[in-house]
Each structure stands twice: as C-alpha cells, then as structure tokens.
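Quick notes on the structure that follows.
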Amino acid sequence: MPFALLKYALAKEHPNDPHFRWTPELKPSYDVVIIGAGGHGLAIAYYLAARHGITNVAVLDKGWLAGGNTARNTTIIRANYLTPDGVRFYKESVDLWRGLSTELDINMMYSERGHFTLAHTDAALRTARWRAEVNKHLGVDSEVIGPDEIKRLCPTMNVSDDVRYPILGALYHPPGAIARHDAVAWGYAREAMKRGVEVHTQTPVSKVIVENGRAIGVETSKGPIYAGKIVQAVAGASSEVARMAGFLLPIRTIPLQACVSEPVKPILDQIIVSGSLHVYISQSARGEMVMGSATDPYGLYSTRSTLDFKEGLMAHMLELFPFMGELRVLRQWAGMADMTPDFSPVMGLTPVENYYIDAGWGTWGFKATPVCGLRMAECVATGRQPELLQPFALDRFRTFDLVGEKGAASVGH
Amino acid sequence: MKILTCPINGPRNISEFVWGGEVKAMPDPATSTDDAWTAYLFLEANVAGEIDEWWLHAPTNTWFIARRNTVTDTVIETMTVDAYFARRAGSEA
Numbered sequence: 000m001p002f003a004l005l006k007y008a009l010a011k012e013h014p015n016d017p018h019f020r021w022t023p024e025l026k027p028s029y030d031v032v033i034i035g036a037g038g039h040g041l042a043i044a045y046y047l048a049a050r051h052g053i054t055n056v057a058v059l060d061k062g063w064l065a066g067g068n069t070a071r072n073t074t075i076i077r078a079n080y081l082t083p084d085g086v087r088f089y090k091e092s093v094d095l096w097r098g099l100s101t102e103l104d105i106n107m108m109y110s111e112r113g114h115f116t117l118a119h120t121d122a123a124l125r126t127a128r129w130r131a132e133v134n135k136h137l138g139v140d141s142e143v144i145g146p147d148e149i150k151r152l153c154p155t156m157n158v159s160d161d162v163r164y165p166i167l168g169a170l171y172h173p174p175g176a177i178a179r180h181d182a183v184a185w186g187y188a189r190e191a192m193k194r195g196v197e198v199h200t201q202t203p204v205s206k207v208i209v210e211n212g213r214a215i216g217v218e219t220s221k222g223p224i225y226a227g228k229i230v231q232a233v234a235g236a237s238s239e240v241a242r243m244a245g246f247l248l249p250i251r252t253i254p255l256q257a258c259v260s261e262p263v264k265p266i267l268d269q270i271i272v273s274g275s276l277h278v279y280i281s282q283s284a285r286g287e288m289v290m291g292s293a294t295d296p297y298g299l300y301s302t303r304s305t306l307d308f309k310e311g312l313m314a315h316m317l318e319l320f321p322f323m324g325e326l327r328v329l330r331q332w333a334g335m336a337d338m339t340p341d342f343s344p345v346m347g348l349t350p351v352e353n354y355y356i357d358a359g360w361g362t363w364g365f366k367a368t369p370v371c372g373l374r375m376a377e378c379v380a381t382g383r384q385p386e387l388l389q390p391f392a393l394d395r396f397r398t399f400d401l402v403g404e405k406g407a408a409s410v411g412h
Numbered sequence: 000m001k002i003l004t005c006p007i008n009g010p011r012n013i014s015e016f017v018w019g020g021e022v023k024a025m026p027d028p029a030t031s032t033d034d035a036w037t038a039y040l041f042l043e044a045n046v047a048g049e050i051d052e053w054w055l056h057a058p059t060n061t062w063f064i065a066r067r068n069t070v071t072d073t074v075i076e077t078m079t080v081d082a083y084f085a086r087r088a089g090s091e092a
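Residue numbers (numbering that gives the first Met the number 0), protein chains in the order written: chain A, 0 to 412; chain B, 0 to 92.
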C-alpha cells in the first residue's frame with residue numbers, strides 16, 4: 000500500500016468530498032422540496048437552479064443518491080414513439096441528451112448505437128410502419144427495414160427463418176443510444192449543489208402536510224420542514240407518497256427485472272428490442288450484455304429476481320443470438336416500475352395546490368430524465384402546466400384523453 | 000417456481016395464473032357520476048401491504064380471490080368469489 004494512502008487513512012481531518020457539497024442540517028423551510036433524489040428529482044432541482052434562479056431547494060431521499068430506478072434501468076435512450084405527443088416529448092429529451100455531457104461537465108458516455116425494434120408478425124410490422132411515419136413527420140429519424148438490411152447492419156444477429164419466430168423486418172432508429180446512468184445523476188446532483196441546492200439522503204418523508212387543499216410542508220425523519228412548493232419524483236413508491244398528500248393515482252407498481260452477462264469483447268454495437276419475444280439487449284461500454292424482459296406478471300413492491308424471468312428471457316435470446324449460449328449471467332436485479340394504463344407518464348399539477356407530480360414512468364423513465372427535469376422545473380417555477388406536458392397531465396384519466404403508447408413500449412406488455 | 004393455490008383446482012404453478020388486480024367496489028352505473036366512474040376505471044389503491052385481488056386460473060377459466068402481501072409476495076389465503084363476497088356481506092351486516 001502506498002505510504003501516502005496509509006497516512007491519509009490514519010489522518011484525523013480529511014478534505015471535503017470534491018464531487019458533492021453535502022449540507023449536514025436541514026433548514027426549517029425551503030422554496031421547493033423535492034421528494035426523491037433519483038435522476039428525475041435531481042434534474043428538476045438542477046433546472047430550477049440553472050434556468051429559473053430558484054436555489055433554495057432541498058432534495059430528500061429515503062435511501063441514497065440515485066439508488067432506485069436510476070441505478071436499475073437498462074439505459075436505453077430513443078425517441079421513436081407512436082403518438083405525436085410522445086414523439087415530440089422524447090425528441091426534446093434526445094436533443095438535450097446530446098449536449099448533456101458538456102452542460103453538466105461530466106462524461107455521460109452517451110453512445111449512439113442505432114435502435115432496432117424487431118417485428119415477427121404482420122401486426123408488429125404494421126405498428127412499425129405507423130411509428131416510422133409519425134416519427135418522420137415530426138423530424139425523428141426512423142425507417143422500416145427488411146431482414147437483409149438488418150443482417151447487413153447487425154451481422155451478429157440470427158435472421159434465418161429456421162426459428163420459432165422469424166424476423167420479418169424492423170423499425171430502425173439510428174439515434175437510439177445508451178448512456179452511463181450514474182453519471183447522469185451525479186452530474187445533475189453536483190451542478191445543482193454548486194448552485195446552492197441541498198441534497199439530503201437517508202431522510203425519509205413520512206407525511207405531507209396539507210392545509211385547506213394546499214401542501215405546505217413535509218414531516219421527515221429529521222423533523223418537519225416547510226416548503227413553498229413540493230414535488231414528488233419517487234418511481235415505484237409513487238402511489239404511497241401520493242396517498243400521503245391525499246389522492247390516488249392510476250398506477251400499479253410492478254417489478255421489472257434485468258441482468259447482465261459476464262463482460263466480453265465488443266461484439267454487438269446495436270440496441271436490439273423485440274416486443275413479441277419480450278426481450279431487449281445492448282452491450283455496455285465495459286462489455287457486459289445488458290438484457291431485460293417484460294414486467295413481472297403481477298404487482299409487487301420488491302426488487303427480487305426470479306428464475307422464471309431468466310428462463311423466459313434466455314429462451315428467446317438464444318434464438319436471436321446463438322453465441323449467448325456460451326455466456327454466464329453475472330448480475331441480476333429488478334426495479335419497481337410505476338405502470339400506467341396507457342404506458343405514458345403522469346407529470347405536472349395535482350388536485351393538491353402547490354403539490355406537483357412526476358410519476359408513472361413505468362419502463363420508460365431513464366430516457367426522459369433531461370426533458371422531464373427541464374419541463375417539470377418550468378411547471379414548478381410558473382405554477383402552470385407547460386404545453387409539452389399538457390397531454391401527460393394527471394387529469395387526462397378523468398377526461399379519457401389517454402396517450403396510448405403501448406405499441407411503442409419495448410416489452411412492457 | 001412459485002405455487003398458487005386455486006380454491007377449485009388446488010396448488011398449481013404460478014405460470015398458469017393471470018393477475019386481475021385489486022378488488023374494487025363498482026359504483027352503480029345507473030346513478031354514478033362521471034368522476035366516480037373514471038375513478039373506478041383507472042385509480043388504484045396500489046397498497047404496499049396486504050390486499051385482496053382477483054386471480055384467474057387460465058386453463059380452467061376460474062376466477063377467484065387471493066389475499067396477498069405485496070411487499071413480501073406471500074399469499075395469505077385464496078378463496079372462491081362466492082366465499083369472499085359472502086364473508087364481506089357478513090362483516091358488513
């Protein structure tokens with residue numbers, strides 16, 4: 000062991016954490032309190048400070064920084080959705096992603112790989128054409144390609160018809176990308192904290208204080224704090240936190256499982272998704288095959304992993320990539336996904352005044368981190384639902400104005 | 000492999016079952032307000048804890064009720080629909 004390191008370890012005083020400016024004590028009140036220190040909550044805090052000059056902000060979390068679904072997703076970023084509302088929203092996110100490493104001064108390892116949604120049935124091919132046309136109309140690069148072109152672009156994949164579900168074509172989306180998920184949270188946290196935002200982890204919220212229909216503060220494990228405005232961004236715990244504020248959500252909490260293989264040399268450049276086979280896969284920068292499947296068959300507040308998931312996943316994966324038979328699973332995990340009936344998020348105003356929601360992110364939340372942060376910050380700062388978020392308001396369920404994105408969800412059905 | 004006990008068919012592999020979501024009281028369609036009806040359709044209690052929920056044993060098309068803990072994933076009991084609503088009527092009387 001180097002002597003300097005030993006001396007450092009034995010020293011009584013250590014320099015401050017160079018990355019984050021932690022504040023030990025909670026203040027009695029803030030302009031804005033954000034519940035949930037994941038990518039979304041931190042992004043909202045950052046844009047409130049950077050774009051709206053609101054820096055008297057506290058981000059609270061029951062666990063640690065970005066330890067929930069920010070750390071549990073498979074980091075796929077794309078804008079090839081089905082509805083014009085969805086495409087416009089996710090396109091703005093992809094545009095923000097491209098400049099994010101520079102804006103936050105941290106290497107996100109944003110890597111554009113090309114995203115393939117495979118079609119194994121005529122119905123899936125029809126949806127692919129529909130998505131391609133909506134995408135092109137709104138300036139998103141998408142096209143339908145046949146098996147020969149798939150084979151040319153992705154030689155690793157088995158496109159023969161000697162399988163249970165032959166590939167008929169694919170929706171090809173060249174801007175599809177992956178990024179380093181931790182860097183996203185760290186970048187937003189660091190830049191927000193630099194501007195005066197406080198992040199308090201290990202600080203669970205047990206109650207939202209509501210008086211005459213207005214949210215005025217929260218009870219935490221470290222005492223009550225008052226807030227001008229409160230935002231909840233808590234993914235799988237959305238229903239339980241909204242209940243503290245006094246309203247129900249159109250959400251079911253269902254686990255979404257994923258796993259990675261042992262690392263190998265680069266063999267798969269692309270991001271491959273099959274809604275019919277319920278699988279998706281990409282290769283991370285350190286060589287692991289990152290794989291996921293559909294959400295679990297029933298609701299659960301748990302992050303356990305099951306054998307059923309891996310058996311179902313691998314059976315289909317081996318048809319697409321026979322070489323995977325040589326690889327072993329290295330890690331497995333799950334995240335608690337807050338699933339909405341229309342496979343679209345819930346953002347903006349709530350029945351409680353001064354209380355804002357960022358929820359319903361099911362299996363599609365990571366890719367929306369920048370745009371959701373930016374637009375939710377605008378919503379909180381102005382007190383009005385921004386135009387881009389209008390279709391995603393909680394009120395849409397009361398008026399049957401659903402944003403049906405099930406056809407564009409990777410595998411959540 | 001997880002086992003679920005159907006009150007009619009006995010213990011079976013969980014892959015034979017389809018989850019039907021939590022038991023909710025349906026408002027009377029003739030007298031319900033629009034808001035009450037959309038709330039019934041879309042809003043979920045989604046409780047982290049013990050809930051009563053619908054399950055279907057798909058091969059025999061048998062709907063029944065299970066009481067399950069959604070944090071520990073343990074099934075406390077399963078019962079026929081008739082038994083469930085008879086008990087509920089009894090406890091309300």
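Glycine included, each C-beta is placed from N, C-alpha and C at the ideal position.
Buried versus exposed call for residue i [16 or more other C-beta atoms within 10 Å across all chains shown]
i: M7/A; result: Going by the sequence as given, residue 7/A is Tyr instead of Met. Exposed, because fewer than 16 other Cβ atoms sit within 10 Å of the Cβ of Y7/A.
i: V131/B; result: Lying outside 0 to 92, the shown extent of chain B, residue 131/B is not represented and no answer is given.
i: R251/A; result: buried
i: L348/A; result: buried
i: V58/A; result: buried
i: F322/A; result: exposed
i: Q384/A; result: buried
i: I33/A; result: buried
i: H18/A; result: exposed
i: K26/A; result: exposed
i: K61/A; result: buried
i: L9/A; result: exposed
i: V402/A; result: buried
Helix, strand or coil at residue i according to DSSP, with G and I counted as helix
i: M192/A; result: helix
i: M25/B; result: coil
i: D181/A; result: helix
i: H133/A; result: Reading the sequence as shown, one finds Val at residue 133/A and not His. If DSSP states are grouped into helix, strand and coil, V133/A belongs with the helices.
i: H13/A; result: coil
i: D72/B; result: coil
i: D400/A; result: coil
i: A48/A; result: helix
i: V370/A; result: helix
i: T61/B; result: strand
i: F115/A; result: strand
i: A47/B; result: coil
i: E24/A; result: coil
i: N157/A; result: coil
i: V259/A; result: strand
i: L299/A; result: coil
i: I250/A; result: coil
i: F149/A; result: Position check: residue 149/A holds Ile in this sequence, whereas Phe was assumed. Helix, per DSSP.
i: A42/A; result: helix
Cβ of residue i within 7 Å of any chain A Cβ
i: W18/B; result: yes
i: N45/B; result: yes
i: L3/B; result: no
i: T37/B; result: yes
i: L55/B; result: no
i: D104/B; result: Only positions 0 to 92 of chain B appear in the structure, and residue 104/B is not among them; the question remains open.
i: F84/B; result: no
i: F63/B; result: no
i: T69/B; result: yes
Sheet register partners of residue i (DSSP bridge)
i: K264/A; result: Answer by DSSP bridge pairing: none, since K264/A is not bridged.
i: H199/A; result: L59/A
i: F292/A; result: Note that residue 292/A is Ser in the sequence shown here, rather than Phe. V278/A.
i: W360/A; result: None, per the DSSP bridge assignment.
i: C5/B; result: G9/B
i: Y355/A; result: V230/A, L348/A
i: T77/B; result: A65/B
i: F101/B; result: Given that chain B is displayed from residue 0 to residue 92, the structure contains no residue 101/B and the question cannot be resolved.
C-beta neighbour in chain B for residue i, strict 7 Å
i: S304/A; result: no
i: R397/A; result: yes
i: S238/A; result: yes
Near the ligand FMN: residue i beta-carbon under 6 Å from a heavy atom
i: R151/A; result: Summarising the ligand content, the structure contains no ligands, and the ligand FMN is consequently not present.
**Study point:** Residues, ordered as in the chain, of the region 244–259 of chain A that lie near chain B by beta-carbon distance below 8 Å
**Key:** L247, L248, P249, I250, R251, T252
Practice item. Residues of the region 307–325 of chain A with a CB closer than 8 Å to any CB of chain B: list them in chain order, please. Key: D307
Check your understanding: Looking at chain B, which residues of the region 281–300 of chain A have a Cβ within less than 7 Å of any of its Cβ atoms?
Key -> P296, Y297, G298, L299, Y300
Check your understanding: What residues from the region 329–359 of chain A come within 7 Å of chain B, judged by C-beta to C-beta, listed N to C?
Key -> P340
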